[in-house]
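Asker: With the first sequence counted from 1, adding 54 to any position gets you the numbering used here. All C-beta atoms in this analysis are idealised placements derived from N, C-alpha and C, irrespective of residue type, glycine included. First the structure, then my questions, so here it is.
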Amino acid sequence: MDVSHLIEGLNDAQREAVTAEPGPLLVLAGAGSGKTRVLTHRIAWSVQVLGASPLSVMAVTFTNKAANEMRGRIEGLLDRPVGGMWAGTFHGLSHRLLRAHWREAGLPQGFQILDAQDQLRIVKRVLRQLGLDEAYWPPKKVQWLINSYKESGRRPAQVPAGDDPQQRQFLRIYEEYEALCLRAGLVDFAELLLRAYELLARNEPLRAHYQHRFRHVLVDEFQDTNEIQYRWLKLFVAAHRQLFAVGDDDQSIYGWRGARVENILQFEQDFPGTRVIRLEQNYRSTANILNAANAVIAHNEGRLGKKLWTAGDQGAPVRSYTAFNEVDEARFVVDRIQEWVAEGHRRDQVAVLYRSNAQSRVFEETLVNEGVPYRVYGGLRFFERAEIKDALAYLRLIANRDDDASFERIVNMPPRGIGNRTLEALRARAAAGGSLWSVARDAAGAGLGGRAANALAGFCRLIETLAEEIRDLELAEQVDLVLGRSGLLDYYREQKGEKAEGRVENLEELVTAARQFRPDEAEALEPLHAFLVHAALEAGEGQAGEWEDCVQLMSLHAAKGLEFPLVFLTGLEEGLFPHQHALDEPGRLEEERRLCYVGMTRAMRELYLTWAETRRLHGREHYARPSRFLAEVPAELVQEIRPTGGAGPGTAPWASTPAPAAPPAGIRLGGRVRHAQFGDGVILNYEGRGEHARVQVNFEQAGSKWLVLAYADLQPI
DNA sequence: CGTGGGCGGATTTTT
DNA sequence: TCCGCCCACG
């Protein structure tokens, strides 16, 4: 068989990776170095040259998008479908294992997946049940803690509590949360991973089976793996060590949610004899852009070390722009975009990147004013919308009556006279161990008031009838029938306003989604069940209209993995990017710098770096200093753009506003001061003048505070 | 049961 | 400043 197409056009390093001898392999793939290509060609090589069966291949990614793209490209290379290959996300593959071995994993057969929203509701319910104050136990924080423990592989029993009363109380919450989920047959995202891991770790025959089956394990974005994910991988390859890991330590930007770059460093120790291959040739950006990005990332310590280069053009210099304020910044960016379009380019080749989503607003306003179509990434995705989740909750309750989360969601949606009192009574009874459904079903006999009992009986009858009626229908008809009979659709139809109209449209769209849904045959689930899994595991796109030619607005995190001919990296100010939270905590700065590196390397041809001297944030005017990252770009690569004629101070509305107030006496940004109560700190910011002058000081002990200068009695030190 | 006002929180996010 | 959530009121 002719396999030359698998190595043709690859550079030496890529070819080396694709054709490497069996054994642990670590590919350090710089931005734009063709890592997906290497990954897919490696799989095709294994199949066509080494004679591996697709059944023996497991390829793991973080997002469904990446998994789908990978599968598509492999099928293109092999020119045939590879259904038996396991290509998917950590969560998707874990789910598949748990479905196949639900009994061994200790789960009910019809277990459902909880998304982050559902999980938060359950946490709140647990807190209420335990009589804990949400002010003292913020639900979000509890949720985060639970997930952190699960991501590090620890059940309540593995968390040492000691005498710490707070920790002991947390353990009660954690235990109760787990008990509630298990009773209701609910599995959160972290649980999917942990339980799949435990399943294999504890079940020798099962582990042997899968170790034997998957002799080719590949993982993408390895720098983003958290502890349990890496352990999960190691379990699969423990016997044969055939792990092909692709990652880039310089693009590790998810440390804050548990990703461990250290896993890359650990890799060579865990797998002695690992072959390390660096992909440093970049096929995306101009030399100027690469050199600028290289210079910035070089300021990080503890890198594995990589330097991107290109055989291509020098390209235009990187441009920087100092804006008066965020409005000026947006206007500058939109002006450039309009020039770009006037030159005959497409709008969707342009990305405006920012550190935090709040920054999008000003860009949006300016784009709207100028009539430039745009699309903002992020925000609620299709399957996360309230009305969609309502509809899915009906379907889930039909599939599994014990699903308390779904029960709570829809028992009074649309309103049917089952108020909080009734629900509280149900919860109290269910606390003994039954599901809400089981309690509700015999509520009348259990001493609930006549009206409430009636309403509950009606609800139960509705669910039973629906279950009966949809049994032999096609998936789309099932969804359609439930929408109609439940009263959901009518409820939203009767509501007024654009919002409600949109909801009705979304619900109708859900029927379409069900009609177009093609279940994965390998999962061997009933269509309805498979659809629910799909909804939980793939929340869908954020917004429609992707096909339209529009400017792309997104956070730096969301931009990872994408590329655009023209990129604006905005808001390069100390405190915003790098973000204040990262400056407050030691060790977080390097991740910010990697984020900057990721942003810069998105640009193919032109890169603009912008910052604003003044920015309105949370209703307050801030005087900013340029981000240190700006100074880290070598001056010879940068062309500074100055405000010109029409856009300059003469005509701009803000030119007439007073220049930033001079700092009050003795106050210097970055200067150290002492406060009688808070101790020593560093001045971060100031505003106002005279008796209203306030300064922001980051105290070593007390953290960051705003103080009125006239009262604070700060001593310079 | 739906709405409006008050309150607190405001990086980054996939599954 | 702005948004989402919670609670109280009608």
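Across which residues does DSSP place Val330 in a beta bridge pair?
Answerer: Leu80
Asker: Would you grab the beta carbon distance between Arg505 and Gly471 for me? Rounded to a whole angstrom, and I think it's under 8 Å.
Answerer: About 7 Å separates the Cβ atoms of Arg505 and Gly471, confirming a contact at the 8 Å cut-off.
Asker: In the DSSP output, what is Asn379 paired with across the bridge?
Answerer: Under DSSP, Asn379 takes part in a beta bridge, and its partners are Thr668.
Asker: Tell me the DSSP bridge mates of Tyr662?
Answerer: Arg373 and Phe622
Asker: Please return the same chain residues whose Cβ sits closer than 8 Å to the Cβ of Val72, not counting the five positions on each side in sequence.
Answerer: Cβ contact annotation for Val72 (same chain, cutoff 8 Å, sequence separation greater than five): Leu60, Ile61, Leu64, Val92, His95, Arg96 and Trp99, in chain order.
Asker: Would you tell me roughly how many angstroms separate the C-alpha atoms of Ala447 and Leu260, rounded to the nearest one?
Answerer: 33 Å
Asker: In the DSSP output, what is Leu297 paired with across the bridge?
Answerer: Answer is Val271, bridged to Leu297.
Asker: Which residue wins for smallest C-alpha separation from Leu319, given the options Trp310, Ala299, Leu333 and Arg338?
Answerer: Ala299
Asker: By how many angstroms is the C-alpha of Ala482 removed from the C-alpha of Arg475?
Answerer: 11 Å
Asker: Smallest Cα separation from Arg401: which of His672, Leu607, Ser148 and Gly327?
Answerer: Closest by alpha carbon: Leu607.
Asker: Taking 7 Å as the cut-off, is the C-beta of Phe618 nearer than that to any heavy atom in the ligand SAM?
Answerer: The model on display carries no ligand, and the ligand SAM is accordingly not part of it.
Asker: Between Val372 and Asn342, which are expected to be in contact by the criterion C-beta below 8 Å, what is the C-beta distance as a whole number of angstroms?
Answerer: 6 Å
Asker: Would you check if the distance between the CB atom of Phe618 and the CB atom of Tyr662 is smaller than 8 Å?
Answerer: Not in contact: Phe618 and Tyr662 (Cβ atoms no closer than 8 Å).
Asker: Quick one: residues in its chain with C-beta nearer than 6 Å to the C-beta of Thr241, no 5 flanking neighbours on either side, listed in chain order?
Answerer: Inspection of the sequence shows that residue 241 is occupied by Val rather than by Thr. Closer than 6 Å at the Cβ level, and outside the excluded window around Val241, lie Phe165 and Ile167.
Asker: Run through DSSP, which three-state label would His263 get?
Answerer: helix
Asker: Determine the DSSP secondary structure at Glu232, reduced to helix, strand or coil.
Answerer: helix
Asker: With a threshold of 8 Å on Cβ separation, who are the neighbours of Ala521 within its own chain once the five nearest residues in sequence on each side are excluded?
Answerer: Ile452
Asker: Are Leu199 and Phe224 close, meaning C-beta to C-beta below 8 Å?
Answerer: yes
Asker: Would Thr279 and Ala313 be called neighbours here (beta carbons separated by less than 8 Å)?
Answerer: yes
Asker: Less than 8 Å between the C-beta atoms of Gln296 and His270, yes or no?
Answerer: yes
Asker: Does the beta-carbon of Asp3 have 16 or more other beta-carbons within 10 angstroms, so that it is buried, or is it exposed?
Answerer: Summary: the structure shown does not reach residue 3, with the chain confined to residues 55 through 771, and so no result is reported for it.
Asker: Going by DSSP, which residues form a beta bridge with Met467?
Answerer: Met467 is not bridged to any residue.
Asker: Between Gln30 and Val177, what straight-line distance do the alpha-carbon atoms span, to the nearest angstrom?
Answerer: No statement about residue 30 is possible, as the shown extent of the chain runs from 55 to 771 and does not include it.
Asker: Counting along the chain, where does the alpha helix (DSSP H) carrying Tyr284 start and finish?
Answerer: Glu281 to Val291
Asker: For Phe290, which residues from the same chain have a beta carbon less than 6 Å from its beta carbon, with the 5 sequence-adjacent residues on both sides left out?
Answerer: The beta carbon of Phe290 sits closer than 6 Å to those of Phe268 and Val271, all from its chain and outside the five residues before and after it, given in chain order.
Asker: Between the C-alpha atoms of His583 and Ser489, what's the straight-line distance to the nearest angstrom?
Answerer: 20 Å
Asker: What residue range is occupied by the uninterrupted alpha helix (DSSP H) comprising Val180?
Answerer: Note, Val180: alpha helix (DSSP H), Ala170 to Gln183.
Asker: Among the candidates Arg357, Ala154 and Arg338, whose CA atom is the shortest distance from the CA of Leu616?
Answerer: Arg338
Asker: Kindly list the residues whose CB is nearer than 8 Å to the CB of Glu462, restricted to its own chain and excluding five residues on each side of it in sequence; keep chain order.
Answerer: Excluding positions up to five away in sequence, the list reads Arg175, Arg179, Leu477 and Leu490.
Asker: Output the boundary residues of the alpha helix (DSSP H) element that contains Leu561.
Answerer: Glu552 to Gln570
Asker: Please list, in chain order, all residues of the same chain as Leu246 whose beta carbon is under 6 Å from its beta carbon, the five residues on each side excluded.
Answerer: Here the set comprises His145, Ser148 and His149.
Asker: Can you give me the C-alpha to C-alpha distance between Val57 and Gly138, rounded to a whole angstrom?
Answerer: 21 Å
Asker: Determine the DSSP secondary structure at Thr117, reduced to helix, strand or coil.
Answerer: coil
Asker: Give the single residue among Arg237, Pro427 and His588 whose Cα lies nearest to the Cα of Glu575.
Answerer: His588
Asker: Using a Cβ-Cβ cutoff of less than 7 Å, which residues in the same chain neighbour Arg285 once the five nearest sequence positions on both sides are dropped?
Answerer: Gly207 and Tyr251
Asker: Quick check: Ala657 and Ala377, are their CB atoms within less than 8 Å of each other?
Answerer: Result no, Cβ atoms of Ala657 and Ala377 do not sit closer than 8 Å.
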